[in-house]
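Chemist: To start, I am sharing the structure in question, which I have written as C-alpha cells.
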Amino acid sequence: MRTIRAAAAVAIVSALTAITGCGGGSSSDGGSNESPKTLTYWASNQGPNIEADKKILTPELKKFEQQTGIKVKLEVIPWSDLLNRILAATTSGQGPDVLNIGNTWSASLQATGALLPWDQKNFDAIGGRDRFVESAVASAGAEGQDPAAVPLYSLAYALYYNKQMFADAGITQPPATWDQLVADGKKISKDGKWALGAEGGNNSNNIHQVFALGKQHGVDFFDKAGKPTFTSDGAVAAVKQYIDFMAKDKIIAPGNAEYAQNQSLQDFSKGKTAMVLWQAAASTFASQGMKPEDWGVAPVPVQSGTPGSGTQTNSMVAGINIAVFKNTKNIDGAKKFVKFMTSDEEQKLLNKTFGAIPPVKAAQTDAAFAAPDLKVLRDTLSTSAAPLPQVANESQFETTVGAAVKGLWADAAAGKPVTTESVKAALTKAQQQMAQ
Amino acid sequence: MTATVTPSSGHKAGNPEKTDNGGARGRRPLRIPDRIRQGGLPYLLLLPAVVLELLIHIIPMVIGIWVSFRQLTQFFIRNWGNSPSAGFDNYKIAIDFDAPIGQALLHSFLVTCAFTVLSVGLSWLFGVAAAIMLQENFRGRNILRTIFLVPYALPVYAAVITWAFMFQHDNGIINHVLHDQLGLTDKPSFWLIGNNSFIALVVVSLWKSWPFAFLMLMAALQNIPRDLYEAASIDGAGIWQQIRKITLPSLRPVNQVLVLVLFLWTFNDFNTPYVLFGKSAPEAADLISIHIYQSSFVTWNFGSGSAMSVLLLLFLLVVTAVYLLLTSRGRKGSNG
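Residue numbers (the working numbering), protein chains in the order written: chain A, 781 to 1216; chain B, 12 to 347.
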C-alpha cells in the first residue's frame, strides 16, 4: 500500500514539476544558432484562402532554401486564430522562429518582450532601416523604442466608388470632403440603393474608421503618456460623424450595422452600395465579377482641403509586419529570412500577388504599383496615413471603443437617437473599462 | 491465483479465497503479493485515471486559481511564473459593482441567469411534451423521434453558423417569414445586434438543448409500467391527471439529474454566443463565458479573467451543492 501511495505521489509530483516547467517560456534574450538548418514560419492569410497562400509562398521558400540551405517549415494561419496562437507561443516559449503580425498588434506584442527588437544592428543585417517607408516602420512598435518587427506588406484606406451608380445620380467626380460625400450620398440613397457601405459589427474596422476621423478632429484617442482620451470633444465628434452617416444622413443602409464579414463589399459588387472605404479591394471585386472599369478609386475624404498630415490624415497605416521570436534557435537564419522576404525582388512579387503596397521604397517603383488604384493607396501611405496608437493596450482600445461604436450602430439601425450625449456616454464607459 | 496465499497473509476467517486451493493444481499462476491484491490493487488500477484527471482537470484548475491572484497581463505572459502578485485585487475589481468592470460582470451574470432559466425551462418543457406525445405507438413515430434528435447530433459550429445566416437582417429567413410573408413586424428586425440578440440566443440554445431533454425523458418514460395508466384510466383519470399524478412523479429522479446537467451546460455555454456574435457579443446577449473570454484573451488581462472564472466556478459549485442537497432531502422525504 505504501508503495502504491509513493508511486502515486511521485507521479503527481512529476506531473506538477512538468507543468511548473512550462511556467513561462524562455528567458533567452538573443536567440541561439543551435538549429541553423531549419526555420518555422507562421504566415498570415493574405490571399483568398490558406491553400492559395501556401501555393504562393512555397516556391519562394524553396528559393530561400536554395540560396541559404535553410529549410523553412511554413504554416499559414487564419487571422481569426493568429493572435491566440501567438499568445500561446509566447506563454509556452514553443513558437515559430519567424512570424507575421498585424501591424496594429505591434506595440502590444512588443510589451510581451517575446519579439526580437530591430535595433540599428539588426536593421543593418537586412539592408538598413532607411530602405523602408518611415510611416510603416512607425507602425512596428511603440514610439521611442526599437521596432518589434519589420514592415512586410503595407495597405491604406481608399474610397472605392461605382462609376455607373455615380453617373446615374449625375455625379461627375468622387467626393473629396465629407460634406460632398453626404451631398452625393443623398442623391444616390433611394429606391433600394445606398451611398456608403460599413462593417458596423466589426470592431477593428470601426476603430480604423474612427481613428482617421479622430485625426481629422485633432485627436489621437491616447495622450502622450499613453492614457486613453476617448471622451475628448474631438473623439466624440469623430465617432458621431461616422454613425451619423446612418443615423442622421441616412446614406448607409441600416442592415450594415450587423455586417462583420465583408458583406459591404458584396453589396458594392452587386450595385446595392455606391461607395466603400476599404484597403486594396481590387482582387475581391474581381472575384465577385466586377470589371476594373466598373469602379474607381479616390482618396478617403477629409473635412476640407486635401489629404495630408495632421488633421488632413485620411487613413491608418494598415499592413502586416514580419517578426522574429527572441528565443529562436536559428537567429542568424531568421534574420536572413527576414532579409529575403524584404528584399526588393520578393517585395515586388509578394505585394503584387497579394494586392498590397511594398513598404520597401525601392520596390514601389515597379510599374505594377502605378496602377490607378494602387497609386492612390501608395500616395495615401506616403503622405496622409498615420499609424494607429502604438500603445501596449491597443487591443483593449480596439475591443472597448470598437464595441462602443458597434453598440451605437445598433442604436442607429434601430432608429434610436444618436446624440453627442449618447456617444459620449458610450465612450466614457469604454474609457472606464480601460482605466481598471 | 490463490496458491500464493501464505498463512501470514492475515486473511480473515471465512474468506472464500482461503479455502479455494483448486487453482494450485493447474498451471503456475501470476504471483501478485497478497497485500497489494488486498489493499492496493484497486488504487493501482485507478492510478492512470487519477493521473490523467490531475493533468487534464485539476492542475489547470489549480493554475487558473493561482493566475487569478497575479497581475498577468501581456507584460508578463512570456515569464508568467514571475508575474507580480495581485493579492485579492483581481477579485475586488470583479466584484466592485459600483465600478465599470464589476458592473459589466454583474450585468453579464444576470443576463446569463435569465438566459439559463429560459433555455433550461423551455428545453425541459419541449422535451417532456415531445416525449409524452411520442410515448404512444403510431405510424411514423420512429421517424419523428429521429428528426427531433437531429439538432443534438449536428456539430454545434455548423448549426449555429446556419442560425446566424437565418437571423441576418437583410437576407435572413427569419425576417423573410416574420416580416415579408406573415407581416408580423412593421419592418425587418435586427436579431444579431441590439436587444433582440437575447431572443436569438435563447432560440438557438433551446433548439440545441431540448433534444437532449427529450432523449433522457423518452428513456425514462419507458420505465413507467403501462398498468398504472390503465388503472388510472379505469378509475376515470383524464390525460392531464395521468400526466400530473403518474408521469411527472415517475420522472422526478431523471428530472433532477437532467435539470442539473442542462443548467451547467447552458450556464457555461460558450460556443453559441461566440459563433452567433463573434468575440464581442451585444450587451443584451453578453453571456458570462464570452465575457470572461473577452476579459482574458481579447484584452490580455489573464489575471482578471481567471478571477472571474474562479468566481463562476464557486457560484456553480454552490448552486450544484445546494441543488443536490435539496433534491436528496426531497428524495429521502418521499422515501420516508
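No residue lacks a Cβ here, since even glycine has one placed at the ideal position from N, Cα and C.
Is it right to say Glu147 of chain B is buried, meaning 16 or more other beta carbons lie within 10 angstroms of its own, or is it exposed?
Modeler: Locating residue 147 of chain B in the second sequence gives position 136, where the first residue counts as 1. Glu147 of chain B is exposed by the Cβ-count criterion.
Chemist: Under a CB-based cut-off of 8 Å, is Ala1206 of chain A close to chain B?
Modeler: Indexing the first sequence from 1 puts residue 1206 of chain A at position 426. No, because no Cβ of chain B sits closer than 8 Å to the Cβ of Ala1206 of chain A.
Chemist: Give me, in chain order, the residues of the same chain whose beta-carbon lies closer than 8 Å to that of Ser969 of chain A; leave out the 5 immediate sequence neighbours on both sides.
Modeler: As a working note, residue 969 of chain A is residue 189 in the first sequence. Answer for Ser969 of chain A: Ala975, Lys1030 and Ile1031, listed in chain order.
Chemist: Might you give, ordered along the chain, the residues of its own chain that have their beta carbon closer than 6 Å to the beta carbon of Asn32 of chain B, omitting 5 neighbours on each side?
Modeler: On the second sequence, position 21 is the one that residue 32 of chain B refers to. With a pLDDT of 45 at Asn32 of chain B, under the threshold of 50, the modelled position of this residue cannot be trusted; read the value that follows with caution. There are no such residues.
Chemist: For Gly92 of chain B, is the classification buried or exposed, using 16 other Cβ atoms within 10 angstroms of its Cβ as the cut-off for buried?
Modeler: Here the question's residue 92 of chain B lines up with position 81 in the second sequence. Per the 10 Å Cβ criterion, exposed.
Chemist: Got a sec? Which residues, its chain only, sit under 7 Å from Met177 of chain B by beta carbon, not counting five neighbours each side?
Modeler: Here residue 177 of chain B refers to the residue found at position 166 of the second sequence. These residues qualify, in order along the chain: Gly183, Ile184 and Ile185.
Chemist: Any beta carbon from chain B within less than 8 Å of Gln989 of chain A's own beta carbon?
Modeler: Residue mapping note: residue 989 of chain A aligns to position 209 of the first sequence, counting from 1. No, no contact with chain B.
Chemist: Note down, in chain order, each residue of its chain lying with its Cβ closer than 6 Å to the Cβ of Ala869 of chain A, except the 5 sequence neighbours on either side.
Modeler: Position 89 of the first sequence holds residue 869 of chain A. Correct list, in chain order: Gly875.
Chemist: May I have the straight-line CA-CA distance separating Ala949 of chain A from Ala1054 of chain A, to the nearest angstrom?
Modeler: Counting from one through the first sequence, the residue named residue 949 of chain A turns up at place 169. Counting from one through the first sequence, the residue named residue 1054 of chain A turns up at place 274. Their backbone Cα atoms lie some 10 Å apart in a straight line.
Chemist: Distance check for Ala978 of chain A and Ala292 of chain B, CA to CA, integer angstroms please.
Modeler: Taking the second sequence and counting its residues from 1, the one referred to as residue 292 of chain B is at position 281. Taking the first sequence and counting its residues from 1, the one referred to as residue 978 of chain A is at position 198. Their backbone Cα atoms lie some 19 Å apart in a straight line.
Chemist: Can you pull the DSSP bridge partners for Met229 of chain B?
Modeler: What you label residue 229 of chain B is simply residue 218 of the second sequence in a count that begins at 1. Partner(s): none; Met229 of chain B has no beta bridge.
Chemist: Where Gly801 of chain A and Ile70 of chain B are concerned, what is the direct C-alpha to C-alpha distance, given to the nearest angstrom?
Modeler: Taking the first sequence and counting its residues from 1, one reaches residue 801 of chain A at position 21. Taking the second sequence and counting its residues from 1, one reaches residue 70 of chain B at position 59. Its pLDDT being 39, under 50, Gly801 of chain A is placed unreliably in this model, and the value from its coordinates should be taken loosely. Taking the straight line from one Cα to the other gives about 13 Å.
Chemist: Quick one, are the C-beta atoms of Val171 of chain B and Asn279 of chain B less than 8 Å apart?
Modeler: Reading the second sequence from its first residue, position 160 is the one you call residue 171 of chain B. Reading the second sequence from its first residue, position 268 is the one you call residue 279 of chain B. Cβ atoms of Val171 of chain B and Asn279 of chain B: not closer than 8 Å.
Chemist: In chain order, what residues of the same chain lie with their CB nearer than 6 Å to the CB of Lys967 of chain A, ignoring the 5 residues before and after it?
Modeler: What you label residue 967 of chain A is simply residue 187 of the first sequence in a count that begins at 1. Answer for Lys967 of chain A: Ala949, listed in chain order.
Chemist: Between Gly1056 of chain A and Leu1045 of chain A, what straight-line distance do the alpha-carbon atoms span, to the nearest angstrom?
Modeler: Looking up residue 1056 of chain A in the first sequence gives position 276. Looking up residue 1045 of chain A in the first sequence gives position 265. It is worth fixing the name first, because residue 1056 of chain A is Val in this sequence and not Gly. Rounded to whole angstroms, Val1056 of chain A to Leu1045 of chain A spans 7 Å at the Cα level.
Chemist: If contact is defined by three or more beta carbon pairs under 8 Å, each pair taking one atom from either stretch, is the segment 186-198 of chain B in contact with the segment 97-109 of chain B?
Modeler: No contact exists between the segment 97-109 of chain B and the segment 186-198 of chain B.
Chemist: Which of the three DSSP states, helix, strand or coil, is assigned to Asn880 of chain A?
Modeler: Counting from 1 along the first sequence, the entry for residue 880 of chain A is found at position 100. Reduced to three states, the DSSP call for Asn880 of chain A is strand.
Chemist: Using three-state DSSP, classify Ser1162 of chain A as helix, strand or coil.
Modeler: Working through the first sequence from its first residue, we reach residue 1162 of chain A at position 382. Helix.
Chemist: Using the beta-carbon count (16 or more within 10 Å), is Phe149 of chain B buried or exposed?
Modeler: As a working mapping, residue 149 of chain B is identified with position 138 in the second sequence. Phe149 of chain B should be labelled exposed.
Chemist: Count the other C-beta atoms from every protein chain shown that fall within 10 angstroms of the C-beta of Lys219 of chain B, then say buried if there are 16 or more, exposed otherwise.
Modeler: Position 208 of the second sequence, counted from the start, is the residue given in the question as residue 219 of chain B. Classification of Lys219 of chain B: buried, given that the 10 Å Cβ count is 16 or more.
Chemist: First and last residue of the beta strand (DSSP E) that includes Trp822 of chain A?
Modeler: Locating residue 822 of chain A in the first sequence gives position 42, counting from the first residue. Run containing Trp822 of chain A: Thr818 to Ser824, per the beta strand (DSSP E) assignment.
Chemist: Could you tell me which residues DSSP pairs with Trp974 of chain A in its beta bridges?
Modeler: Against the first sequence, residue 974 of chain A aligns to sequence position 194. For Trp974 of chain A, which the question treats as bridged, DSSP gives the partners A:Thr1053.
Chemist: Using a threshold of 8 Å, state whether the C-beta atoms of Gly314 of chain B and Ser79 of chain B are closer than that.
Modeler: Position 303 of the second sequence, counted from the first residue, corresponds to residue 314 of chain B. Position 68 of the second sequence, counted from the first residue, corresponds to residue 79 of chain B. Against a cut-off of 8 Å, the Cβ pair of Ser79 of chain B and Gly314 of chain B comes out as a contact.
Chemist: Just to confirm before moving on: does the CB-CB distance between Ala832 of chain A and Gln85 of chain B stay below 8 Å?
Modeler: By 1-based counting over the first sequence, the position of residue 832 of chain A is 52. By 1-based counting over the second sequence, the position of residue 85 of chain B is 74. No; because the gap between Cβ atoms is not below 8 Å, this pair is not in contact.
Chemist: Kindly indicate if chain A contains any beta-carbon less than 8 Å away from that of Gly247 of chain B.
Modeler: Along the second sequence, read from residue 1 onward, the residue named residue 247 of chain B stands at position 236. No, Gly247 of chain B does not count as interfacial toward chain A.
Chemist: Terminal residues of the continuous beta strand (DSSP E) containing Trp1075 of chain A?
Modeler: What you label residue 1075 of chain A is simply residue 295 of the first sequence in a count that begins at 1. Residues Trp1075 to Ala1078.
Chemist: Give a yes or no on whether the minimum CB-CB distance between Leu867 of chain A and chain B is below 8 Å.
Modeler: Here residue 867 of chain A refers to the residue found at position 87 of the first sequence. At least one chain B Cβ lies under 8 Å of Leu867 of chain A.
Chemist: Distance, Cα to Cα, Phe1105 of chain A vs Thr892 of chain A?
Modeler: As a position in the first sequence, residue 1105 of chain A is number 325, starting the count at 1. As a position in the first sequence, residue 892 of chain A is number 112, starting the count at 1. Phe1105 of chain A and Thr892 of chain A: Cα-Cα distance of roughly 11 Å.
Chemist: Does the segment 875-884 of chain A come close enough to the segment 1106-1126 of chain A that 3 or more CB-CB pairs lie under 8 Å?
Modeler: Yes: at least three Cβ pairs fall under 8 Å.
Chemist: Under 8 Å, CB to CB, which of the residues in the segment 1146-1162 of chain A have a partner in chain B?
Modeler: Listed by position, the residues of the segment 1146-1162 of chain A near chain B (Cβ gap below 8 Å) amount to none.
Chemist: Using a Cβ-Cβ distance under 8 Å, would Glu1038 of chain A count as near chain B?
Modeler: The count along the first sequence starts at 1 and reaches residue 1038 of chain A at position 258. Glu1038 of chain A counts as touching chain B.
Chemist: Can you grab the Cα-Cα spacing for the pair Leu9 of chain B / Gly138 of chain B, in whole Å?
Modeler: Since the first and last residues shown for chain B are 12 and 347, residue 9 of chain B lies out of range.
Chemist: Quick check for students: name the residue ranges of the beta strand (DSSP E) that lie wholly in the segment 939-966 of chain A, counting only runs of 3 or more.
Modeler: None, since the segment 939-966 of chain A contains no complete beta strand (DSSP E) of that length.
Chemist: I'd like to confirm the pairing. Which residues does DSSP put opposite Trp135 of chain B in its beta bridges?
Modeler: On the second sequence, position 124 is the one that residue 135 of chain B refers to. None; Trp135 of chain B has no bridge partner.
Chemist: Taking all protein chains shown into account, do 16 or more other C-beta atoms lie within 10 angstroms of the C-beta of Lys1020 of chain A, making it buried, or fewer, making it exposed?
Modeler: The count along the first sequence starts at 1 and reaches residue 1020 of chain A at position 240. Under this definition Lys1020 of chain A is a buried residue.
Chemist: Looking at the ligand NAP, does it come within less than 7 Å of Glu1126 of chain A, judged from the CB to the closest heavy atom?
Modeler: Ligands displayed in this structure: none; no statement on the ligand NAP is therefore possible.
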